[in-house]
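Residues in the sequence shown are numbered consecutively from 23, following the numbering used here. For each residue, glycine too, the CB sits at the ideal point set by N, CA and C.
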Amino acid sequence: MKHRGRHRRRRRGAALRAVLTGTALALTAAATLISTSQAGVAADPGALTPLTSPADTGRLRLQEHLVPERSLDRLAAAMGRPVGVDTVLRDTDRRLREADGCSADDRASLPVAPAAARAYCWDPADTAGDWRPASVTTSGDADDDGVWGTHRVILAGWTHSATAGRPGERGLARVAFVDADDPARLAYRWVLPVVPVDGGRDYRGLASGISGMVWYADKLLVTTTSGGADALYVYDLDRIQRTTVDAPAIGRVPGGWSAGGYDYVLPAVASYRFTAGRCSASGPPCPGALALDRDTAPGSLVAAEWTAPDGDRRARLWRYAFDSDPARRGLLAADGAGRVDAVEAYRTRAAGIRGVLSYRKAGADRPSWYVGRLPGTQDGHGGLWRQDTEGSRAARCGADASDRCWARDAGSLSYWRQTGEVWSLSDRMLFALPLADLDRSLD
């Protein structure tokens with residue numbers, strides 16, 4: 023299911039790339055938010071410090087836990103044959119509007135510099151309540167030709183407030199499956215990630231923020247911040263299940279299966295836990311942003327630690343390799359005991375990191391790490407920095423060369439290699455810009 027029509031897709035590339043390199047949006051509404059009196063996001067985070075001691079790297083070790091195949095098969099037998107991404111995209115029921123059809127407040131959440139080339143606002147019903155977007159990944163991550171089956175797809179992870187709204191939704195995660203085949207007409211459908219329980223006889227909602235998300239092969243990896251030792255959950259996108267009952271409950275109900283009003287659920291197939299226990303300043307990192315790096319062989323999962331934007335705690339950046347075994351495609355490279363070690367790690371003075379990206383420019387001897395940061399006041403636009411072991415640079419804007427130029431309450435970063443675009447989110451919009459523009463603003 024996941025790799026059909028690989029050769030038929032190539033003919034779409036040139037036409038799509040031409041469409042996707044449009045003129046940057048005029049963002050004067052956002053620019054007015056950056057005044058000459060604003061302070062920067064934080065001090066220059068400086069150069070990255072490599073972490074090589076066993077005491078440091080050992081805190082990043084994960085233990086893999088696979089959901090037994092019999093549990094997944096039992097759930098599928100009870101709910102009906104699983105469906106794939108194509109089925110969800112054929113059933114989209116919401117539209118994203120292009121920037122010129124969005125409100126001034128929506129547009130004001132976009133980056134000031136570098137400016138977005140394309141931007142979209144969500145259905146107003148989805149941003150009016152207590153759900154907020156935080157993470158993004160695309161079919162550009164999933165497959166080396168940038169499409170899945172015959173579709174260009176964007177996945178956006180949202181998290182519900184843990185203290186407001188309907189009790190059944192509090193703290194839950196959901197994923198928007200966006201059909202991006204037509205850049206002028208994006209449409210989406212919600213899917214609820216769940217966790218099988220009782221040997222596949224039931225499931226529960228994923229009660230966690232998903233600040234990071236990566237789609238690699240047929241697997242979707244998301245961060246979990248439920249307060250325990252869990253670091254990541256893994257989902258198989260060929261195992262999407264339809265619900266059969268429209269009820270407030272999540273799981274098995276009289277007469278069938280429900281998901282709080284959602285028509286599709288995505289059961290977890292694996293999880294990873296830190297072997298050193300719960301996240302803390304002296305222990306494992308609290309999982310934050312995630313991204314895929316296709317410059318490594320095999321591809322690797324890069325991650326950033328979440329730390330308070332107004333604190334002085336130094337965050338960690340690190341990466342895990344994906345497994346090269348075809349039978350484990352989309353899972354992390356583990357030893358015979360299921361242990362996963364980081365293959366690279368750094369310390370940074372950056373705090374409040376909401377987006378991370380690792381990319382090696384042509385001819386460069388090392389990758390650059392891009393970090394999107396919240397302001398220390400947790401209000402207004404954040405900053406975007408590029409770091410390596412020699413130093414750092416910020417995107418700047420305004421008469422005072424402020425570094426508060428990135429999106430408002432920005433989310434994760436995802437690089438779509440086939441189009442040369444970086445995708446991200448503000449608290450109200452989904453947007454993309456060429457990586458080349460991003461680099462120019464940093465140079």
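Close Cβ partners of residue i (< 8 Å) along its chain, the five nearest in sequence each way excluded
i             : result
glycine 405   : Gly62, Val63, Ala64, Gly394, Arg395, Pro397, Ala416, Ala417, Asp425, Arg426, Cys427 and Trp428
leucine 457   : Tyr381, Tyr437, Gly442, Glu443 and Val444
alanine 184   : Arg192 and Gly193
glutamate 120 : Arg140, Ala141, Tyr142 and Ala206
serine 390    : Ser380, Tyr381, Arg382, Lys383, Arg408, Gln409 and Asp410
leucine 73    : Thr79, Arg338, Trp340, Ala367, Tyr368 and Arg369
Buried versus exposed call for residue i [16 or more other C-beta atoms within 10 Å across all chains shown]
i              : result
arginine 462   : exposed
threonine 172  : exposed
glutamate 91   : exposed
serine 346     : exposed
methionine 115 : Checking the displayed sequence, the identity of residue 115 turns out to be aspartate instead of methionine. By the neighbour-count rule (16 or more Cβ atoms within 10 Å), aspartate 115 is not buried but exposed.
arginine 352   : The displayed chain sequence assigns glycine, not arginine, to residue 352. Counting Cβ neighbours within 10 Å, glycine 352 comes out buried, since at least 16 surround it.
proline 306    : buried
alanine 311    : buried
alanine 313    : buried
alanine 319    : exposed
proline 18     : As displayed, the chain neither begins before 23 nor continues past 465, which places residue 18 out of reach and without an answer.
aspartate 387  : exposed
proline 215    : buried
glycine 385    : exposed
glycine 123    : exposed
arginine 188   : exposed
isoleucine 282 : Inspection of the sequence shows that residue 282 is occupied by glycine rather than by isoleucine. Result: buried.
alanine 364    : buried
Residue i versus the options, residue with shortest Cα-Cα distance
i              : options                           : result
arginine 274   : Gly222, Leu242 and Asp315         : Gly222
proline 407    : Ala384, Gly420, Ala386 and Ser380 : The sequence as given places tryptophan at residue 407; proline does not occur at that position. Minimum Cα distance to tryptophan 407 is reached at Ser380.
arginine 211   : Leu288, Tyr225 and Trp279         : Leu288
threonine 411  : Thr297, Leu452, Tyr368 and Gly402 : Tyr368
alanine 325    : Glu366, Arg335, Ser304 and Asp317 : Glu366
leucine 208    : Trp237, Arg154 and Arg140         : Arg140
leucine 118    : Ala184, Gly179, Asp201 and Gly377 : Asp201
alanine 150    : Asp127, Gly234 and Asp165         : Asp127
alanine 178    : Arg338, Arg188, Gly190 and Val213 : Val213
valine 217     : Ser93, Ser434 and Gly385          : Ser93
leucine 435    : Ala156, Leu73 and Ala206          : Ala156
valine 482     : Cys124, Trp237, Leu88 and Glu327  : There is simply no residue 482 to check, as the chain begins at 23 and stops at 465 in what is shown.
glycine 231    : Asp252, Ala206 and Ala137         : Asp252
glycine 286    : Pro389, Pro146, Ser233 and Arg112 : Note that residue 286 is tyrosine in the sequence shown here, rather than glycine. Nearest option by C-alpha distance: Arg112.
arginine 439   : Ser75, Leu339, Asp163 and Arg81   : Asp163
aspartate 145  : Arg174, Val158, Thr109 and Ala198 : Ala198
glutamine 85   : Thr297, Ser233, Arg376 and Gly433 : Thr297
arginine 196   : Thr245, Leu97 and Arg174          : Thr245
arginine 226   : Pro189, Ala271, Asp204 and Tyr238 : Ala271
methionine 235 : Gly377, His403 and Leu70          : Gly377
alanine 454    : Gly433, Asp465 and Asp224         : Gly433
arginine 350   : Tyr284, Gln263 and Tyr238         : Tyr238
Own chain partners of residue i with C-beta closer than 6 Å, once the 5 adjacent residues on each side are dropped
i              : result
serine 322     : Asp315, Arg341 and Ala343
aspartate 357  : none
tryptophan 153 : Trp180 and His182
valine 256     : Lys241, Leu243, Val291 and Ala292
arginine 28    : Note that arginine 28 has pLDDT 41, beneath the 50 cutoff, so the model's placement of it is unreliable and the number below is only indicative. The answer is none, since no qualifying residue turns up.
threonine 329  : Arg335, Ala337 and Ala373
leucine 452    : Tyr142
arginine 96    : Gly222
aspartate 317  : Arg382
tyrosine 392   : Leu379 and Arg408
Close beta carbons around residue i, own chain, < 7 Å, minus the five adjacent residues each side
i             : result
glycine 68    : Arg371, Gly413 and Ser414
valine 267    : Val275, Gly277, Gly278, Trp279 and Ser280
cysteine 308  : Thr247, Cys301, Glu327 and Trp328
aspartate 258 : Asp240, Lys241 and Val291
glycine 333   : Ala373
leucine 460   : Pro136 and Val444
Please confirm if the stretch 372-389 is in contact with the stretch 93-106, defined as three or more CB-CB distances below 8 Å between the two stretches. no
Can at least three beta-carbon pairs, one atom from the stretch 128-136 and one from the stretch 447-454, be found at a separation below 8 Å? yes
At 3 residues or longer, and completely inside the stretch 237-300: list those beta strand (DSSP E) runs for me, N to C. 241-245, 252-258, 272-275, 278-281 and 286-296
Could you name each continuous beta strand (DSSP E) segment of 3 residues or more that falls completely within the stretch 180-232, going from the start of the chain to the end? 195-201, 209-219 and 224-227
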